[in-house]
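In terms of my numbering, the sequence shown opens at residue 694 and continues consecutively.
Think of the CB as a built atom: it goes at the ideal place given N, C-alpha and C, for glycine as much as any other residue.
Down below is the structure, laid out as structure tokens.
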Amino acid sequence: MAPFYGRGLGGFLISRRKLLAVLGVLATRNGRQGAKARSATPSRIAWDRVPGLSLEVTSQGKLYIVSKNPAIFNPNLKGRPYSLEVGGLVEKPLKLGLEELKSLPASHLWNTLVCISNPVGGDLIGCARWTGVPLKFLLDRAGMKPQARWLVFEAADGYRESLPLVELPAQALIAYAINDEELEPRHGYPTRLILPGRYGMKQPKWLTRILVLEREEVGYWAQRGWSRQAVIRTLSRIDVPRPGAQLKEGEEVLVAGVAYAGGRPLERVEISTDGGLTWQRAELKPPHGQFAWQLWALPWRPLQGNYTLKVRAVEVGGRVQDPVDREPLPEGASGYHTVRVRVR
């Protein structure tokens, strides 16, 4: 399989093959049941002042970077002529420059971007407010022919992805801004596709062409064994305490992190301090929007000992996050994020 290249919040370079090689969440049951955790009330938690907890809004500079290319080969279209074409099975093919796109009716969308290569507890994820033109608006303007069944998205580096028309979410955007900032070249300037509910592999950067077709064209990573659908799995992560943290007996700490279900609403997030034997409900902060991740936190005052912390998310309707440890290939990782700490 060809490697991919990217950077998470830690700033290191990784390949997809190396990422899979180091993947794994070990399950243990050495927690102590004597520790007590209490449910929090919203007024107790100052979400923006929890040390180590992810910010609710990921800045462009902190958003993960993944590409099929080494960074030096990624397109940089700054200062170059640009147009986005909409063609194929349409009545009126379109060719729009960036300023023309910006002049069209714009929409804003809170969306959580997740790489399908993200391991359980990984940092190839972030949430931001995207601005752009609704894809449906462009398709309506072009006028799709009756035999239209598929969309194919093509990027300046030759990357291609596809999606059945019947699965196109109304919120899909051709985005040109993030958090009210112009996209940086590494994040897709001038435009990128935002397709909520799908992993990042379905959302090409440096978008240059949209084709309306009758049949599927298998995307770049799907040709290499990854999911054709790339629907985001429900996930949750412990940001604090960090693995191996040394805590003080009797001192209250916050166990806190993020959770996301790909746009499916979450009912609750639960924490275990004894390796999964028992679970307690954390405080869950309301999201900015349907496709935004959520912060969660649980005050905890542990006794002396070694603890194995686990987290899981539960969707509205009672569907619990998949507990089975799976590698990202082919459908995205699953399992409960686990952190071990010591209390003295």
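Q. Looking only at DSSP bridge pairs, what is residue 974 linked to?
A. Residue 974 sits at position 281 when you count from the first residue of the sequence shown. Partner(s): 963.
**Q.** Segments of 3+ residues assigned as beta strand (DSSP E) that fall wholly inside the segment 749-819
**A.** 758-760, 777-781, 787-789, 800-807
Q) Can you name, in chain order, every residue of its own chain whose Cβ lies under 7 angstroms from the Cβ of residue 946, other than the five neighbours on each side? A) Residue 946 sits at position 253 when you count from the first residue of the sequence shown. Around residue 946: 934, 940, 993.
Q) What separation, rounded to the nearest whole angstrom, lies between the Cα atoms of residue 846 and residue 995? A) What you label residue 846 is simply residue 153 of the sequence shown in a count that begins at 1. What you label residue 995 is simply residue 302 of the sequence shown in a count that begins at 1. CA-to-CA, the gap between residue 846 and residue 995 works out to about 51 angstroms.
(Q) Taking only three categories from DSSP, how would you classify residue 742? (A) Position 49 of the sequence shown, counted from the start, is the residue given in the question as residue 742. Looking at residue 742 - three-state DSSP - the assignment turns out to be helix.
Q: From the DSSP output, in three-state form, read off residue 982 for me.
A: Taking the sequence shown and counting its residues from 1, one reaches residue 982 at position 289. Looking at residue 982 - three-state DSSP - the assignment turns out to be coil, as it is neither helix nor strand.
Q) On the premise that residue 777 lies in contact with residue 878, defined as a C-beta separation below 8 angstroms, what is that separation, rounded to the nearest angstrom? A) As a position in the sequence shown, residue 878 is number 185, starting the count at 1. As a position in the sequence shown, residue 777 is number 84, starting the count at 1. Actually they do not touch by this definition, with Cβ atoms about 16 angstroms apart.
Q | Extent of the continuous alpha helix (DSSP H) to which residue 834 belongs | A | In the sequence shown, counting from the first residue as 1, residue 834 sits at position 141. Start and end: 828-835.
Q: Identify, in the order they occur along the chain, each residue of the same chain with its Cβ nearer than 6 angstroms to the Cβ of residue 831, setting aside the five sequence neighbours on each side.
A: Position 138 of the sequence shown, counting from 1, holds the residue named residue 831. 779, listed in sequence order.
(Q) Between the alpha carbons of residue 964 and residue 1012, how many angstroms are there, rounded? (A) Counting from 1 along the sequence shown, the entry for residue 964 is found at position 271. Counting from 1 along the sequence shown, the entry for residue 1012 is found at position 319. Whole-angstrom Cα-Cα distance: 16 angstroms.
Q) By how many angstroms is the C-alpha of residue 861 removed from the C-alpha of residue 1003? A) As a first step, residue 1003 must be located in the sequence shown, where it is residue number 310. As a first step, residue 861 must be located in the sequence shown, where it is residue number 168. When the Cα atoms are used, residue 1003 and residue 861 turn out to be separated by approximately 35 angstroms.
(Q) For chain C, check one thing: does any of its Cβ atoms lie closer than 7 angstroms to the Cβ of residue 939? (A) Absent here is chain C; the protein component of the structure consists of one chain.
Q: Starting from residue 926, follow its DSSP beta bridges and name the residues at the other end.
A: What you label residue 926 is simply residue 233 of the sequence shown in a count that begins at 1. Bridge partners of residue 926: none, in fact.
Q. According to the neighbour-count rule (16 or more other Cβ atoms, all chains shown, within 10 Å of its Cβ), is residue 858 buried or exposed?
A. On the sequence shown, position 165 is the one that residue 858 refers to. By the 10 Å Cβ count, residue 858 comes out exposed.
**Q.** Range covered by the beta strand (DSSP E) that runs through residue 857
**A.** Reading the sequence shown from its first residue, position 164 is the one you call residue 857. Taken as a continuous stretch (DSSP letters only), the beta strand (DSSP E) holding residue 857 covers 853-857.
Q) Relative to the C-alpha of residue 1008, which residue among 989, 829, 958, 1035 is closest? A) The residue given as residue 1008 occupies position 315 in the sequence shown. Per the Cα distances, 958.
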